[in-house]
Amino acid sequence: MTPPPDHSPQHGHSPQHGNSPRPLPTPTEMEARYSQSAQLWSGKPNRALVDFASTLRPGTALDVGCGEGADLQWLSDQGWEATGIDFAPTAVKRTRERGLRAYLSSLKDFDHPPFDLVNVQFGGIPATAAAVAKLESLVAPGGKLLFVHHDWESTEMAMPAWLANNLQQLEVIEYRKLSRAVNTGAGAGHAYDLVLTAERR
C-alpha cells in the first residue's frame, strides 16, 4: 500500500480542485440544513460502506454522523447490530422513525463499548489528537474503521489522508480514491471520494 500524502493541518497545503479550506460544521448549521428539507440525502447507502462491509462478518457497528439512517438501515438489513449517532436532532428523529437505533450525541460525548465496525461517511470529525483517540477507542480488537470524505482541504476537520497519518492505535489497511455515482440529494456532484480503512490488530 502506498502511504497517503501527509495532509496534516500544520503543513498548510493549498486547497484541492479550487475548493476553499472547509470549516468544521456545527450542530446548529447541520440542524438548519435538515430542517429546511424533507429529505436531505439520497436515501441510499454509501457505496464505500457497501463495498467494504459486504466482505465482513456482521457484528456490532457504529455509524458516526448517521444522518437520516440510510447506511444504518443497510447495515441492519445485512444482519449487523447497528447503532448511529448524530448531533442534529432532526437527523436522529428521521433515523428513529425508520425503526433504527440512533442517539443524539457528538463523538466526544458518546460513551459505549467498542464496535466491530465504525463507519464515518463525510463526518465532521475535529482534526485533533483527542478526536482521533476517541474514534480509535470505539473500534474493538479485530475491529475495522471505514472513514470516507470528499477531496477537501481543511485545517479544522479530519480528512482521510490526515487521519491516516495521525492514527495511533489502528493500522491502515488501505487508502484510495473511489469514483462516485450519486445524482440526487445533498451529496451529489462530487467526482470521487477518499476512502481510508484501518483496523485494530
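Every letter in the sequence shown is one number past the one before it in the working numbering, and letter 57, counting from 1, is 44.
Glycine included, C-beta positions come from ideal geometry on N, C-alpha and C.
Note that this is a predicted model, so its numbers are computed, not measured.
Counting the other CB atoms within 10 Å of its CB gives residue 41 a total below 16, which places it among the exposed residues. If you draw a 10 Å sphere on the C-beta of residue 108, you find 16 or more other C-beta atoms in it, and that means buried. Exclusion of the five residues before and after residue 102 leaves 46, 47, 48, 49, 70, 125, 126, 127 and 130 as the residues of its chain whose Cβ lies within less than 8 Å of its Cβ. If you check the CB distance, residue 52 and residue 87 do not come in under 8 Å.
Leaving aside the five residues that flank residue 22 on each side, the residues in its chain whose CB is nearer than 6 Å to its CB run, in chain order, 77. If you check the CB distance, residue 182 and residue 35 come in under 8 Å.
The beta carbon of residue 73 lies closer than 6 Å to those of 52, 53 and 79 in the same chain, with the five residues before and after it left out. Annotation for residue 33: no alpha helix (DSSP H) segment contains it, and DSSP assigns it neither H nor E. About 13 Å separates the CB atoms of residue 11 and residue 140; that is not less than 8 Å, and the two are not in contact.
Per DSSP, the continuous beta strand (DSSP E) segment holding residue 164 begins and ends at 158 to 166. CA-to-CA, the gap between residue 82 and residue 58 works out to about 10 Å. DSSP places residue 87 outside both helix and strand once states are collapsed to three, so it counts as coil.
Between residue 105 and the set 137, 157, 24 and 31, the nearest pair of CA atoms involves 157. CA-to-CA, the gap between residue 98 and residue 44 works out to about 24 Å.
Nearest to residue 96 by alpha-carbon distance, out of 110, 114, 122 and 84, is 122. Under DSSP, residue 19 forms no beta bridge with any residue.
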